[in-house]
Each structure stands twice: as structure tokens, then as C-alpha cells.
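**Student:** Counting from 1, position 682 in the sequence shown corresponds to residue 686 in the numbering used here; the numbering is continuous, with no gaps.
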Amino acid sequence: MLADVVSNQGKHLDGWPWLSDSARASLLDGLAGRLASMSLRCILSELAHESSPGSYDRLNAALSEPLKRIGFYTKYPVLARDLTVYLKNWRTNVGRVLDRLIDDEEELADNGLLPHGAASLQAVELGSGDSHDAGQSVAVLRFAHHHRLVYKPRDCSPFTVYRRLVDVLNEALPSLARLYAPSSLARDGYGWVEFIDHDAAGKLDPKTYLRRLGSFLAIAHILGASDLHLENVIASAAGPVPIDMETLIQNRSRAGADVVATRRAIEHLNASVLGAGILPVQLTAGEATSIDVSVATGGLQRTTQYATVHQVVFPFTDGMRIAAVEMPVGRAKNQPGGMTLDLVREQRAEIGEGYRQAHLSVMASIPQIQSILASVPEMELRHIIRATRSYSLLLVEMRQPSRLRSGIDRDHLLRSLWAHIDEHPGESSLVSAEEESLWQLDVPLFTARMDQRGLFASGREVIPDYFEKTTLQDAAERLNSLDPERMRESLRLIDESILAAAPRAGESEMRREDSQAHIAPEKIGSAITALAREQARVLLESAILGDHDATWISVCSGNDSSGLEYRPIGPTLYDGLAGISFAATHAHGLLPNLGLDDLAHRTAHAIASILDDWTKERLTLPIGAYSGAAGLLYALSHYDGILSGNRYQELRLKAITRVEQAVDQDTYFDVMAGAAGACAVIASMPEAHTPQGRSALQAVTAHLISRSVLLDDDSRVWRTGAAKAQLGGFSHGATGIGWALARAASALDDDRIASAAMEALRFDDAMFRPSKQRWLDARPESLMVGEMFPAHWCHGAAGIAMARASAAPLLGAPELLGLAVIGAREASRDELPSDDSLCHGSLGNLMASQPVAEYAGSNICLDDFRNRVISRIQRSQPRSGLPQGITTVRGLMLGTAGSLYGLCHALNPGIPNVLLLEGHTKTVVSGAALDTDAHSKQPLISPVPPLKLAPRPHATPPKT
Numbered sequence: 005m006l007a008d009v010v011s012n013q014g015k016h017l018d019g020w021p022w023l024s025d026s027a028r029a030s031l032l033d034g035l036a037g038r039l040a041s042m043s044l045r046c047i048l049s050e051l052a053h054e055s056s057p058g059s060y061d062r063l064n065a066a067l068s069e070p071l072k073r074i075g076f077y078t079k080y081p082v083l084a085r086d087l088t089v090y091l092k093n094w095r096t097n098v099g100r101v102l103d104r105l106i107d108d109e110e111e112l113a114d115n116g117l118l119p120h121g122a123a124s125l126q127a128v129e130l131g132s133g134d135s136h137d138a139g140q141s142v143a144v145l146r147f148a149h150h151h152r153l154v155y156k157p158r159d160c161s162p163f164t165v166y167r168r169l170v171d172v173l174n175e176a177l178p179s180l181a182r183l184y185a186p187s188s189l190a191r192d193g194y195g196w197v198e199f200i201d202h203d204a205a206g207k208l209d210p211k212t213y214l215r216r217l218g219s220f221l222a223i224a225h226i227l228g229a230s231d232l233h234l235e236n237v238i239a240s241a242a243g244p245v246p247i248d249m250e251t252l253i254q255n256r257s258r259a260g261a262d263v264v265a266t267r268r269a270i271e272h273l274n275a276s277v278l279g280a281g282i283l284p285v286q287l288t289a290g291e292a293t294s295i296d297v298s299v300a301t302g303g304l305q306r307t308t309q310y311a312t313v314h315q316v317v318f319p320f321t322d323g324m325r326i327a328a329v330e331m332p333v334g335r336a337k338n339q340p341g342g343m344t345l346d347l348v349r350e351q352r353a354e355i356g357e358g359y360r361q362a363h364l365s366v367m368a369s370i371p372q373i374q375s376i377l378a379s380v381p382e383m384e385l386r387h388i389i390r391a392t393r394s395y396s397l398l399l400v401e402m403r404q405p406s407r408l409r410s411g412i413d414r415d416h417l418l419r420s421l422w423a424h425i426d427e428h429p430g431e432s433s434l435v436s437a438e439e440e441s442l443w444q445l446d447v448p449l450f451t452a453r454m455d456q457r458g459l460f461a462s463g464r465e466v467i468p469d470y471f472e473k474t475t476l477q478d479a480a481e482r483l484n485s486l487d488p489e490r491m492r493e494s495l496r497l498i499d500e501s502i503l504a505a506a507p508r509a510g511e512s513e514m515r516r517e518d519s520q521a522h523i524a525p526e527k528i529g530s531a532i533t534a535l536a537r538e539q540a541r542v543l544l545e546s547a548i549l550g551d552h553d554a555t556w557i558s559v560c561s562g563n564d565s566s567g568l569e570y571r572p573i574g575p576t577l578y579d580g581l582a583g584i585s586f587a588a589t590h591a592h593g594l595l596p597n598l599g600l601d602d603l604a605h606r607t608a609h610a611i612a613s614i615l616d617d618w619t620k621e622r623l624t625l626p627i628g629a630y631s632g633a634a635g636l637l638y639a640l641s642h643y644d645g646i647l648s649g650n651r652y653q654e655l656r657l658k659a660i661t662r663v664e665q666a667v668d669q670d671t672y673f674d675v676m677a678g679a680a681g682a683c684a685v686i687a688s689m690p691e692a693h694t695p696q697g698r699s700a701l702q703a704v705t706a707h708l709i710s711r712s713v714l715l716d717d718d719s720r721v722w723r724t725g726a727a728k729a730q731l732g733g734f735s736h737g738a739t740g741i742g743w744a745l746a747r748a749a750s751a752l753d754d755d756r757i758a759s760a761a762m763e764a765l766r767f768d769d770a771m772f773r774p775s776k777q778r779w780l781d782a783r784p785e786s787l788m789v790g791e792m793f794p795a796h797w798c799h800g801a802a803g804i805a806m807a808r809a810s811a812a813p814l815l816g817a818p819e820l821l822g823l824a825v826i827g828a829r830e831a832s833r834d835e836l837p838s839d840d841s842l843c844h845g846s847l848g849n850l851m852a853s854q855p856v857a858e859y860a861g862s863n864i865c866l867d868d869f870r871n872r873v874i875s876r877i878q879r880s881q882p883r884s885g886l887p888q889g890i891t892t893v894r895g896l897m898l899g900t901a902g903s904l905y906g907l908c909h910a911l912n913p914g915i916p917n918v919l920l921l922e923g924h925t926k927t928v929v930s931g932a933a934l935d936t937d938a939h940s941k942q943p944l945i946s947p948v949p950p951l952k953l954a955p956r957p958h959a960t961p962p963k964t
């Protein structure tokens with residue numbers, strides 16, 4: 005189908021008779037591959053209509069006939085248009101590269117960039133990067149004797165500026181910290197750059213490499229660079245070398261600053277040492293998977309990671325199709341040979357020292373640096389409006405067959421660019437430029453100039469006063485604001501971000517310690533109150549406020565508990581806005597007049613907006629409680645019940661209906677992100693007894709039961725994740741799902757659901773080890789280390805004990821309490837957990853043990869355990885649930901909000917227990933009464949007589 009088209013372009017190359025056969029072949033092969041990629045989905049669409057043997061061969065033969073091809077392009081006129089656009093751009097751009105090579109041959113030779121002449125050209129690799137401005141992209145030219153040269157179709161002045169800056173700074177830097185800058189030849193609107201070889205052999209020792217990485221980080225941060233991810237920096241034998249400098253200097257003086265907290269947080273983060281992309285940053289790469297794309301630690305994962313990619317399977321056969329395939333993530337060229345994640349962690353002080361030395365060198369050279377920047381007033385630098393990945397995804401979607409049949413369908417797709425234009429009406433010309441570029445099959449490119457405030461695209465000014473200052477003024481202001489205090493904060497962020505990306509295996513266990521109670525019983529109440537006030541202060545002072553909302557920058561984790569990174573917190577209950585909203589709502593009742601109610605109002609406003617978008621299918625979230633949409637619903641329910649008087653009741657009902665609609669897509673099943681979490685949340689709400697609530701509960705429980713497996717021992721389990729693991733425990737396993745089903749069974753008065761709940765709770769019986777008095781952690785990643793028997797809420801004794809004690813009265817099953825008592829005793833024994841988080845720390849164990857104490861009475865007493873927990877927190881401040889050294893953790897289950905809430909719960913256990921997703925109830929004891937020593941004389945957890953529960957008959961559901 006495309007052979008004649010490609011062959012005809014060979015005639016175009018006859019205009020350069022000096023071009024070698026191999027160079028011609030490389031250009032034509034690249035063209036053929038690109039045209040085939042553009043046409044592939046339409047070809048597959050045609051193939052799908054034929055199911056008989058030999059369908060591919062027949063289609064291939066048919067499309068070799070001119071009349072059949074005309075019919076094909078008539079059916080897909082937008083494809084025909086795209087192919088024409090691409091061919092026109094290809095011819096123009098190939099001509100530019102070859103003509104400019106000849107024109108600049110002598111000067112390239114003089115600069116040592118072309119030692120063997122243009123005639124030695126053997127191959128041209130077009131498309132080494134995104135295309136902009138009518139298909140122009142970076143090209144790598146390969147010559148005889150293994151020489152290579154990089155052509156860049158944009159202003160290459162940044163390479164010249166970087167080299168001059170490096171020359172100045174290297175004079176003051178010790179040899180270990182000195183940098184290498186690539187040679188370049190900048191021309192009008194394009195340029196040539198030295199090809200940098202990767203140090204695959206690891207010739208430079210890791211210590212020196214990391215010291216120089218710190219120096220490079222300092223320059224990038226001070227200039228305001230961005231987008232320096234792992235593909236834009238090469239680990240050479242001379243150290244890290246940037247090969248893409250179009251974002252080396254960023255103008256961050258955006259006019260009309262956003263009033264939305266998240267935007268302000270992003271601006272704050274981008275302006276910090278983390279903003280350049282050199283330090284750890286995560287990119288989503290499939291369901292519950294993220295990969296590190298940073299220069300510092302990207303490509304150094306300890307275990308093989310996989311990314312979901314769409315690729316052709318069974319090519320050139322009847323079964324040819326595009327399928328989602330899990331591919332191992334390879335190692336990029338940002339790391340020298342021999343570098344490991346453990347080395348980066350152990351030698352992270354070298355990065356910090358390189359940063360410190362270069363930072364001081366910059367401070368001593370400010371006049372020279374300002375002179376260099378002022379010498380290039382017309383230099384253009386790329387300004388990123390949206391993530392490049394979002395444009396790439398749109399370009400992929402534009403190749404769907406339906407959008408190649410009709411330009412109207414493509415227009416509808418690109419309308420997504422206008423989604424928030426009402427909030428930024430002055431940016432309509434910007435969005436129009438984006439649409440225009442995408443129709444030209446390009447990634448939109450916007451630029452800023454050193455001496456101007458406008459934003460440019462394709463050589464024209466799009467928005468005249470987009471920035472408050474010129475790029476030069478903004479850079480000068482950054483330089484003049486450098487001081488030792490900012491340097492110290494940057495060094496702290498460097499250290500903490502590396503620790504987040506490179507936790508040492510088993511590190512949390514290394515921090516275990518005993519803690520003896522040192523607080524007199526009559527002083528415990530005032531001690532807890534003082535500690536809670538301090539956590540409230542941290543939360544309030546670290547908030548980033550918008551006009552109506554708030555957010556925080558924190559180290560956060562993904563659904564798979566991997567991929568730690570600094571970022572504005574997300575919306576979730578686990579470590580996001582919903583969790584902070586919940587904590588602030590309840591803490592305000594005990595700690596009034598601090599402003600926690602304002603934080604609750606602001607965070608509720610933010611999560612309501614997100615939940616509304618989810619109900620309207622504008623964004624995707626899992627449906628679970630702690631890592632999904634149900635967690636937002638839960639937080640809003642508590643906010644409405646305590647502070648707002650049902651302001652969001654209508655939205656809550658819509659969200660419950662949306663849960664029912666989305667449940668079929670759930671593949672998590674668990675409490676964290678899956679249907680069990682949604683089930684527990686809805687059952688906890690007043691809406692559980694409305695028609696919408698009952699309908700949603702019935703749909704969610706039916707989904708859970710239908711996706712479960714009933715084992716030979718009559719226990720029920722769910723197979724989850726790529727490994728199809730059968731997990732126990734509360735957060736991801738059968739115990740948590742069984743507990744949620746028990747909640748629903750009680751709300752619906754349904755014996756069939758109750759029976760399934762009991763079977764699920766029975767699964768962990770087989771995991772219990774009498775010799776350990778605990779349950780085996782069956783997660784594959786844990787079993788790889790060995791048999792582990794944790795006592796945590798998330799994956800251990802505390803969560804299992806809590807679930808069994810809570811489910812026992814709901815199911816009429818007193819037999820569940822025996823192991824619950826054992827689990828609670830293990831969770832509250834002498835040796836405290838290594839941290840104080842709700843998820844897997846001391847405060848979580850304290851709260852998880854409370855339901856057992858309530859139902860098992862005198863068998864459990866938590867006063868001593870509570871005293872030891874509070875004593876340690878008083879001595880060393882609350883420890884986050886992330887690896888040692890990481891302190892900027894603000895969320896509910898791992899950080900500051902959880903410490904605040906957990907302390908308030910220790911002060912007044914009448915507050916709803918978030919670990920059980922209890923429904924909202926107003927706190928009956930006032931903050932004033934609790935903030936006294938007299939109150940603390942009363943046991944904060946009073947034993948009650950053991951329950952005597954009547955067995956409940958169960959219908960047996962069919963095995964699945």
C-alpha cells in the first residue's frame with residue numbers, strides 16, 4: 005500500500021547526489037516506518053471485518069491495487085490528509101537538514117564537530133524527539149569512523165550559554181565537581197551539537213559522578229530549569245551532560261497567578277530544587293504502576309518494573325492486532341555503568357556537596373552570570389504549558405479509525421483542550437495554537453524570549469503579557485535571592501527525596517525499640533493535647549492556600565505502595581485531601597479556635613469539586629475507600645455531618661449512584677482501592693438506607709461475591725494483581741473484604757452476603773501460625789524476602805483483629821473473637837512499631853485494638869500501651885510511616901494529619917474510627933473539658949463485659 009509512496013520519495017532525494025546509498029536507505033526506511041505507523045489502526049480496522057483464514061494476505065493484496073487504495077483513502081479521508089501533511093513536511097525537513105549540513109560544513113569542521121566532511125554521511129535518524137513547527141525534529145547524523153552529530157531545528161543559544169556558564173563556574177569549583185558542556189554551533193533558528201557518548205563502562209567513579217550531578221543540579225535549579233528528565237541527560241565519562249537545553253531557563257513570573265491551591269503548590273514545587281526533574285519524580289506507567297523518570301535515580305529500580313504499552317502482536321498474520329502488553333522498563337543512558345540505587349543512597353551526601361559547592365560558586369559569580377544572560381536578549385527557550393505526555397496521548401487518540409474517517413470526530417477530541425477556558429478566558433489564543441499544532445501532527449511548542457514578556461508559538465506572539473517580568477528579569481531576581489537559608493532547604497530536599505526514592509529493604513524493622521511509659525496517668529490528657537496542638541500547627545503552617553481551597557506538598561506513594569515522590573497531595577483518604585479533611589473536621593471539635601475548621605472547609609471544597617468531576621466521568625478514580633472515590637465520599641459525609649449541615653448531600657447521592665455504575669470496572673476488590681472499600685463506606689452512611697444506597701450496596705456485594713473463589717476449606721478469597729495472589733489481611737486481602745461484606749449484610753439484612761462475609765473472614769485462619777501468634781503476610785513481595793508476620797493495621801495482626809472484632813456482632817459470630825484477642829495483644833505488646841502512623845505504626849495499632857477491647861472486655865486493656873505510645877511521641881515527635889529521614893509527610897494514614905487525628909482519638913475514643921470507616925457522630929465531650937488533667941484521670945478506653953452473641957444462621961452461596 006505504501007511501497008509506491010516511499011519509492012517516489014526516493015526521487016526527491018536525487019536532489020542531493022552526494023548522498024550515500026546507506027544514507028538514502030536510512031531516510032526512506034524511517035519514512036516507511038512512520039507512514040505505516042500512521043496507517044496501522046485503519047488497516048487493523050479493515051482486517052477486523054474479516055475472520056476467515058487468509059484475511060491478512062487478501063487485504064494486503066487488495067491494497068496494492070490503485071483502485072482499492074483510492075477506496076481505502078475515501079473511507080479514511082483524514083488519514084489521507086495526514087499522510088499528505090507528513091510527506092510534505094518530511095520533504096521540507098530532509099532538505100533543510102541536508103542543505104544546512106553542506107552550508108555549515110566548513111564551520112562545523114573548524115569547531116571539531118565534523119572531522120570527515122559531509123560526504124562521509126552514512127545515516128540520518130529523523131524523529132529523535134517530538135516534532136514541532138511543521139514536523140521539525142531533532143536528527144542524529146551518523147558518519148564514517150563512528151562519528152555522530154546532532155542537528156537541532158531550534159535556537160541553540162542555550163547550549164552556548166550553558167558552556168559559558170560552566171566555564172565561569174568551573175574556575176571556582178574543585179575538580180571533583182567540575183562539569184562538561186557539549187560543543188555546539190548555533191545558527192539562526194537551528195544549530196549543531198556534539199553527540200555525547202554514554203559511559204556504559206562506568207569509567208567515572210560513582211562518587212565523582214554524583215558530586216558532579218549535584219553541581220549540575222545547582223545550576224539547573226538556580227536558572228529555573230525544568231523537564232530535565234532521564235532522556236535529556238547523558239551519563240558521560242566526564243559526568244552528567246544535558247543534551248536538551250530548550251528548558252534550561254524558565255520564566256516563572258506568570259502574570260495573574262492562579263488562585264487554585266494546587267496550581268500554587270505546583271508553582272512552589274517547580275521553583276524548588278525538585279522542579280528541574282533531576283531529583284526523583286514518578287510517571288504513571290499502567291495500573292497501579294509508576295516508574296522513576298529522574299536523572300538521579302531513574303532506571304535504578306531494584307526489581308524489574310513493567311510499563312503498559314500498546315503494540316502490534318502477531319504482525320503480518322490474520323491475528324494481527326494492537327494489544328496492551330506489560331513490557332520491562334529498561335535502563336536509560338542517564339546512569340553510568342555500575343551505578344545502583346543503593347550507591348546513590350549511600351553517596352547522596354556527594355550530590356548535596358556538589359550542590360553546595362556549585363551554589364556557592366554561583367553566589368560568588370552573579371555579576372558574570374548576569375552578563376552572560378544579558379548577552380543573548382533574543383534567545384528563545386521553551387515554556388511548558390501542559391505536560392508533553394498529554395499532547396502525545398492526544399496524537400495517539402487522533403489515529404483511532406473513527407477520527408480518521410471524520411474531521412468532526414477529531415475536532416470533538418481536541419475540544420478537551422478547552423475544558424477549563426472559562427477559568428482562563430485570556431488563553432483562548434493559546435488553546436487555538438495548540439489545536440493548530442496538533443492538526444499538523446506536532447506537539448505544540450511555546451517559547452519565551454529573554455527580553456520580552458510575551459508567549460510565542462510558531463514565531464508569533466500568542467499572548468503579549470503572559471509573564472509579569474521578562475525572562476532575564478526573572479532569572480536575575482532568582483540569582484539575587486540566593487542565600488544560605490535557601491541552600492540549606494534545598495540540601496534537605498535533596499536528602500529527603502533520595503531517601504524516598506531509595507528506601508533500604510527492611511529499614512522500618514531496624515527502627516524498632518521498646519518504650520517504657522514515663523507519663524503519670526493524671527498528666528496523660530494534657531500531654532496528648534499538647535502533642536495534638538503541635539501537629540495541628542504543622543498542618544496549618546504547611547498549608548498552601550487558594551482563594552477557596554488548600555493543599556500541601558508532601559512525599560506521597562501510589563496505589564501499589566511504591567513510587568514515593570514529592571508532589572502536591574492527591575484527593576485520597578489515604579494520603580491526600582480527603583484524609584486531611586477528615587482529620588481537620590474531627591480535630592476541630594477537640595482543638596477549637598486554631599483554624600482547623602477553615603482547613604476542613606477548604607479541603608471539603610476541593611474534594612467536592614473532584615468528586616463532582618468523577619460523577620460526571622471527567623476523570624478516573626478507583627472506587628475504593630482509602631485510595632479511591634469512596635474515600636472522598638466518606639470525608640464529605642463526615643464534614644457534612646459535623647460542620648456543614650449536609651451541604652453536599654446531593655453530590656453524595658450522585659457519587660453513590662456513580663459507584664454502582666463503575667463497579668464492573670473494579671479489579672482491585674479490596675478495601676483500599678476496590679469495591680470492598682466502597683461497600684464499607686456506603687454502609688457507614690445515612691444514605692445506606694435510601695434506594696440509591698441499597699441499590700449500590702447490592703451491586704457492589706454482587707460484584708465482590710461473583711469475582712471471588714470459594715476454596716476447598718470453604719473459605720473465600722479474591723485473586724488480585726498481575727500475580728493473581730490470594731491475600732489475607734485487612735487492607736488488600738480477604739479479611740478486609742469479608743468485614744466490608746459483613747457491614748453490607750447488616751445494612752441489607754441479607755444472610756447470603758453474611759455467609760460470604762464469614763467465608764472470607766475464615767480465609768486468614770489458614771494463615772495463622774500458633775507458634776508466632778500472628779498471621780502470615782502472603783503478599784508476593786513479602787514472601788520474596790521470607791515468611792513475615794507483621795502486627796500492623798494494613799497487613800497484619802492489628803487489622804485482622806480489628807476486622808474480626810467488628811464483624812462478630814454484625815454476623816452473630818462470637819467465635820471470631822478468640823483470634824481477635826490474640827491479634828490485639830500482639831499489636832499492643834511491649835515492643836512498639838517502628839513508626840507512629842495509622843497504617844503500620846503505633847497510633848494505628850492503638851486504634852485498631854480498640855474494637856477488640858470494646859467487645860472482649862477485660863481480656864484487653866490498652867491504657868499501658870497508649871501511655872507508651874504517647875511517651876515515645878512526646879520524646880521524639882511522631883514518626884511518619886515512610887522510611888527513616890522522610891519527614892515531609894502530611895497525609896492521614898502516614899503523616900501529620902494522621903498523627904493529629906490519632907492523638908485526638910486517643911484523647912477521645914468517641915471520635916469515629918477511620919480505620920473501621922465508622923460513620924460520623926458528633927463528639928460528645930467538648931475540647932475545653934478534654935484539655936484538662938482532671939479528664940485524663942478517667943480511662944480513655946473503658947473495658948466492657950464480653951459480648952454473648954447468638955449465632956446467626958447463614959445461607960450458603962454457590963461456589964464460584
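Even glycine gets a Cβ: it sits at the ideal position worked out from N, Cα and C.
Roughly how many angstroms lie between the CA atoms of residue 931 and residue 635, to the nearest whole one?
**Tutor:** Reliability of the predicted coordinates at residue 931 is poor, the pLDDT of 33 falling under 50, and the value obtained from them is presented with this limitation in mind. Rounded to whole angstroms, residue 931 to residue 635 spans 26 Å at the Cα level.
**Student:** Could you round the C-beta distance between residue 853 and residue 864 to whole angstroms and report it? I think they count as a contact, below 8 Å.
**Tutor:** Their Cβ separation, rounded to whole angstroms, is 7 Å, which keeps residue 853 and residue 864 in contact under 8 Å.
**Student:** In the DSSP assignment, find the beta strand (DSSP E) that holds residue 264 and state where it starts and stops.
**Tutor:** Premise fails: residue 264 is in no beta strand (DSSP E) and is neither H nor E.
**Student:** Give me whichever residues DSSP pairs with residue 243 in a beta bridge.
**Tutor:** Residue 243 pairs with 240.
**Student:** Can you tell me which of the three DSSP states residue 72 falls into?
**Tutor:** If DSSP states are grouped into helix, strand and coil, residue 72 belongs with the helices.
**Student:** Which residue marks the beginning of the alpha helix (DSSP H) containing residue 616, and which one marks its end?
**Tutor:** Residues 600-619.
**Student:** I'd like the list of long-range same chain contacts for residue 237, defined as Cβ closer than 6 Å, with 5 residues on each side in sequence excluded.
**Tutor:** The answer, listed in chain order, is 244, 246, 299, 338.
**Student:** Is the region 819-828 touching the region 870-890 in the sense that three or more CB pairs, one from each, lie closer than 8 Å?
**Tutor:** No: fewer than three Cβ pairs fall under 8 Å.
**Student:** In the structure shown, what three-state DSSP assignment does residue 720 receive?
**Tutor:** Three-state DSSP puts residue 720 in a strand.
**Student:** Where does the unbroken beta strand (DSSP E) through residue 331 begin, and where does it stop?
**Tutor:** That run of the beta strand (DSSP E) goes 325-332.
**Student:** I'd like to know whether the C-beta atoms of residue 584 and residue 919 end up nearer to each other than 9 Å.
**Tutor:** Cβ distance not < 9 Å, so residue 584 and residue 919 don't count as in contact.
**Student:** Excluding sequence positions up to five away, which residues of its chain have a Cβ less than 8 Å from the Cβ of residue 965?
**Tutor:** Any property of residue 965 remains undetermined from this structure, which presents the chain solely from 5 to 964.
**Student:** How do the region 495-509 and the region 372-381 stand: do at least 3 beta-carbon pairs fall below 8 Å, yes or no?
**Tutor:** Touching, no, given that fewer than three Cβ pairs across the two stretches are closer than 8 Å.
**Student:** Taking residue 282 as the reference, which of 127, 494, 31, 164 has the closest Cα?
**Tutor:** Closest by alpha carbon: 494.
**Student:** I need the straight-line Cα distance from residue 382 to residue 190, nearest angstrom please.
**Tutor:** Between residue 382 and residue 190, the C-alpha separation is close to 13 Å.
**Student:** Taking only three categories from DSSP, how would you classify residue 382?
**Tutor:** In this structure, residue 382 counts as coil in the three-state DSSP scheme.
**Student:** Under the rule that 16 or more other beta-carbon atoms within 10 Å means buried, what is residue 94, buried or exposed?
**Tutor:** That one is buried.
**Student:** Whole angstroms is fine: what's the gap from residue 403's alpha carbon to residue 412's?
**Tutor:** Distance between the alpha carbons of residue 403 and residue 412 is about 14 Å.
**Student:** Let me make sure I understand the geometry here. Which of 69, 531, 473 has the alpha-carbon closest to that of residue 877?
**Tutor:** It is 531 whose Cα lies nearest to the Cα of residue 877.
**Student:** Looking at the secondary structure, which residues open and close the beta strand (DSSP E) in which residue 127 lies?
**Tutor:** From DSSP, the beta strand (DSSP E) with residue 127 extends over 125-129.
**Student:** Across which residues does DSSP place residue 3 in a beta bridge pair?
**Tutor:** Past the edges of the chain, shown from 5 to 964, lies residue 3, and the structure says nothing about it.
**Student:** Give a yes or no on whether the C-beta atoms belonging to residue 608 and residue 639 are separated by under 9 Å.
**Tutor:** Taking 9 Å as the Cβ cut-off, residue 608 and residue 639 qualify as a contacting pair.
**Student:** If you draw a straight line from the alpha carbon of residue 943 to that of residue 656, how long is it in whole angstroms?
**Tutor:** Its pLDDT being 34, under 50, residue 943 is placed unreliably in this model, and the value from its coordinates should be taken loosely. So the two alpha carbons sit approximately 37 Å from each other.
**Student:** Under a CB-based cut-off of 9 Å, is residue 535 close to chain D?
**Tutor:** Of the protein chains in the structure, only one exists, and it is not chain D.
**Student:** Between residue 512 and the rest of its own chain, which residues show a CB-CB distance below 6 Å, the 5 nearest in sequence each way excluded?
**Tutor:** Residue placement at residue 512 is poorly supported in this model, since its pLDDT is 48, which falls under 50; the coordinates still yield a value, given next. Excluding sequence neighbours, residue 512 sits near 838.
**Student:** Going by DSSP, what residues sit across from residue 315 in a beta bridge?
**Tutor:** Note: residue 315 sits in a beta bridge opposite 327.
**Student:** Please give me, in chain order, every unbroken run of the beta strand (DSSP E) with length at least 3 that falls completely inside the region 84-141.
**Tutor:** Fully enclosed beta strand (DSSP E) runs of 3 or longer: 125-129.
**Student:** Taking residue 17 as the reference, which of 35, 650, 6 has the closest Cα?
**Tutor:** Of 35, 650, 6, the residue nearest in Cα terms is 35.
**Student:** Restricting to runs no shorter than 4 residues, where is the alpha helix (DSSP H) found entirely within the region 520-560?
**Tutor:** You should have 528-545.
**Student:** Beta-carbon within less than 8 Å of residue 323's beta-carbon, same chain only, minus the 5 sequence neighbours each way: which residues are those?
**Tutor:** Counting only Cβ-Cβ distances below 8 Å, and skipping sequence neighbours, we find 317.
**Student:** Assuming residue 807 contacts residue 828 under a Cβ cut-off of 8 Å, what Cβ separation, rounded to an integer in Å, is found between them?
**Tutor:** Contact flag wrong, Cβ pair sits at about 11 Å.
**Student:** Measuring CB to CB, does residue 643 end up less than 9 Å from residue 576?
**Tutor:** No, these two residues do not count as a Cβ contact at 9 Å.
**Student:** Is residue 467 helix, strand or coil when you go by DSSP?
**Tutor:** If DSSP states are grouped into helix, strand and coil, residue 467 belongs with the strands.
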